[in-house]
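In terms of the numbering used here, the sequence shown has 1325 at position 297, counting the first letter as 1, and numbering is strictly consecutive.
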Amino acid sequence: MSSIAILLFAVPGSLAAVALLPGRSSTPGWTRALIAALFSFGCAIAVAIVVGLQGTFVERLPFSLPFSVRADVLTVVMLLLVTFIGAVILQFSRRYLDGDGGERRYIRWFCATLAAVTLLVITNDLAILTFAWIATSLALHQLLTHYPDRVPALIAAHKKFIASRVADLCLIGAVALIGNAFGTLEMDRIFAALASTTTISPHLHWAAVLLVASAALKCAQLPFHGWLIQVMEAPTPVSALLHAGVVNIGGFLMIRLAPLMTHSEVAQTLLVICGCTTAVIAALVMTTRVSIKVALAWSTCAQMGFMLLECGLGAYPLAMLHLVAHSCYKAHSFLASGSVVERWRAESLGPRNGGVSLVNWFGALAIGASAVTATGALAGSSPSAEPALWALVSIVALGLTPLVVTSFAAGWARVVMMALTAFAVAGAYFLWHAVFGALLTPATPLMRDLTITCAAFGLLFVVQATLITHPHGKLAHRLYPPLFAGLYLDELFTRLTFKVWPATVVNK
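1. If you draw a straight line from the alpha carbon of T1164 to that of A1044, how long is it in whole angstroms?
2. Can you name, in chain order, every residue of its own chain whose Cβ lies under 6 Å from the Cβ of K1246, other than the five neighbours on each side?
3. Quick one: what does DSSP say A1307 is sitting in, helix, strand or coil?
4. Report the rounded CA-to-CA distance for S1292 versus A1033, giving the unit in angstroms.
5. For A1099 and F1085, which I take to be in contact (beta-carbon distance under 8 Å), what is that distance rounded to the nearest angstrom?
6. Give me the Cβ distance between L1467 and V1101, rounded to the nearest whole Å; I'm assuming they're in contact under 8 Å.
7. Tell me the DSSP secondary structure of S1096 in three-state form.
8. Rank R1123, R1088, A1065 and L1222 by C-alpha distance to the C-alpha of V1145 and give the top, closest one.
9. Is the beta carbon of Q1258 within less than 7 Å of some heavy atom of the ligand HEM?
10. Would you tell me roughly how many angstroms separate the C-alpha atoms of A1155 and F1069, rounded to the nearest one?
11. Does DSSP put T1151 in a helix, a strand or coil?
12. Measure how close the beta-carbons of A1235 and L1269 come, nearest whole angstrom, since I'm counting them as under 8 Å.
13. Taking only the alpha-carbon atoms, compute the straight-line gap between L1213 and V1203 and give it to the nearest angstrom.
14. Determine the burial state of N1388: buried for a count of at least 16 other Cβ atoms within 10 Å of its Cβ, exposed for fewer.
15. Alpha carbon to alpha carbon, how far is L1431 from W1418? Give it in angstroms, no decimals.
16. Roughly how far, in whole angstroms, is the beta-carbon of G1337 from the beta-carbon of C1304, given that I think they are within contact range, below 8 Å?
17. Under 8 Å, with one C-beta from each stretch per pair, do the segment 1451 to 1458 and the segment 1421 to 1428 reach the 3-pair mark?
18. Could you spell out the range, first to last residue, of the alpha helix (DSSP H) harbouring R1284?
19. Is the beta carbon of L1171 closer than 8 Å to that of T1141?
20. If you draw a straight line from the C-alpha of L1515 to the C-alpha of R1523, how long is it?
21. Please state the DSSP three-state secondary structure of L1085.
22. From what residue to what residue does the alpha helix (DSSP H) around E1519 run?
23. As a quick exercise: from A1223, A1209 and T1315, pick the residue whose alpha carbon is nearest that of L1620.
24. Exposed or buried, I1063, counting other C-beta atoms within 10 Å across all chains shown (16 or more means buried)?
25. Just confirm the distance between the C-beta atoms of A1076 and V1104, as a whole number of angstroms; I'd bet it's less than 8 Å.
26. With DSSP as the reference, identify every bridge partner of R1414, one or two as the case may be.
Here it is as structure tokens:
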């Protein structure tokens, strides 16, 4: 077995050892877990160097064992991300759970979760990927129920357990269809076969649809999102691990199996519809939330929708960029959530800005559109050549508009600064697309999917502008109550799940 294969196996192996091997009864085992996490991060760096020098690497185990490992750009990025964030959250957990009676149990299941995620990342075999997918969910379930006396946490974990089992069944069905079509479950051979064809069988179309369903359930897309909002009863580092890592696995699955997904127009359109619907509704609901952690949870729901939308448009380089950026941002946001109240109090002592008009909104929109057009021209890109990129960067410009709008009340100096920020963000988006585009190959989007995307986010922009400029208008009075209730989607899903599988909770 080659050195790079040993390095790959060492990542989940070291973490699994901490989870499975007994330690000294006198200590919880934080030091041992941190050493394993840092060792895994070091192995990930070494793998990144080797892949950078030699390119994509696939190796099958000797003695006809049904397992093979894969090291490519996606493997490297995910390994570095998971091991680094895992080590950071583990160090934070050491302080956060100091004196907690369940420290030893927490460490074991935390390392087991990281081991399962990293195994999912390095495997080249769809059967092992499915096993790691299920193991990740089961290990995370133990962390979500760390406090067994918190009934809301147990109910949320129960709902997630049901949604995850449905996602598992969808993935198992998809893998079975893929294996039957290609006669193998090794991804390098499947991708080679897909590269030589332009059409796929109806069975593979169904497999792609099942993969979309599995990813949507894992990424907490509407209406299966309620558990993600309600697991805030779990320890904060668990929330950070969930939102910064585990919930992104659905996006990773879409990027990993992109060669198959791009052959199925039905699956692409389903991704776009699912992603657009979740991103738009979650973005509106998030504006009604007061709790910091709950607002972050709705933000994660919206961001996962946007990431699946990017996959549906074939913008896999941007989806990978989004995955990395969102993971780092959410890990920091949750770990720093305890200081948000102090920052809010400090900001409330400053002068308040006045209201803004629709004229300000259109002015801010013009600034965002100018930023996109100018930076796109400088980058040598055009809408006809890269329609998905331009559609997505235009959505980013719409997202920057509220920030520019608020600057109008603070004076022209602030407006100029925010305009320069808009240009910088648009430029960075094109730059990072070029970087990640050199690592992953984007696919050509369908025109109907682009139309759906532009219409959905155009509508979101209009509604948000109207609500902000007329907070006491008729539209606000009609929309605020159902938005505050999350359109009652989770209530309907909760009733259904409790009919199918009632939760058994003992309230002590």
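In this text, a Cβ means the ideal position worked out from N, Cα and C, and glycines have one as well.
So, to answer that:
1. T1164 and A1044 have their C-alpha atoms some 12 Å from each other.
2. Closer than 6 Å at the Cβ level, and outside the excluded window around K1246, lie A1195, I1277 and G1278.
3. A1307 sits in a helix when the DSSP states are folded into three classes.
4. Roughly 33 Å between the two C-alpha positions.
5. About 4 Å; that satisfies the 8 Å criterion.
6. The C-beta distance from L1467 to V1101 rounds to 4 Å, short enough to fall under 8 Å.
7. Secondary structure of S1096 (DSSP, three-state): strand.
8. The shortest C-alpha separation from V1145 is found at A1065.
9. Among the components of this structure there are no ligands whatsoever, and the ligand HEM is therefore not found.
10. Using only the alpha carbons, I get a separation of about 25 Å.
11. It is a strand residue.
12. Contact doesn't hold; Cβ gap of about 30 Å is too wide.
13. When rounded, the distance between both Cα atoms is 8 Å.
14. Classification of N1388: buried, given that the 10 Å Cβ count is 16 or more.
15. If you draw a straight line from the Cα of W1418 to the Cα of L1431, it is about 20 Å long.
16. Note that residue 1337 corresponds to Leu in the displayed sequence, not to Gly. 6 Å between Cβ atoms; contact.
17. Segments in contact, yes.
18. From DSSP, the alpha helix (DSSP H) with R1284 extends over I1277 to R1284.
19. Yes, these two residues count as a Cβ contact at 8 Å.
20. Within the model, the alpha-carbon separation for L1515 versus R1523 is close to 15 Å.
21. According to the sequence shown, residue 1085 is Phe rather than Leu. F1085 falls in the strand class under three-state DSSP.
22. Segment L1517 to V1528, the alpha helix (DSSP H) holding E1519.
23. The displayed coordinates of the chain run from 1029 to 1536. Any statement about residue 1620 would go beyond what the structure contains.
24. Exposed is the call here.
25. So it is a contact: roughly 4 Å between Cβ atoms.
26. The amino acid occupying residue 1414 in the given sequence is Glu; Arg does not appear at that position. Beta-bridge analysis with DSSP links E1414 to no other residue.
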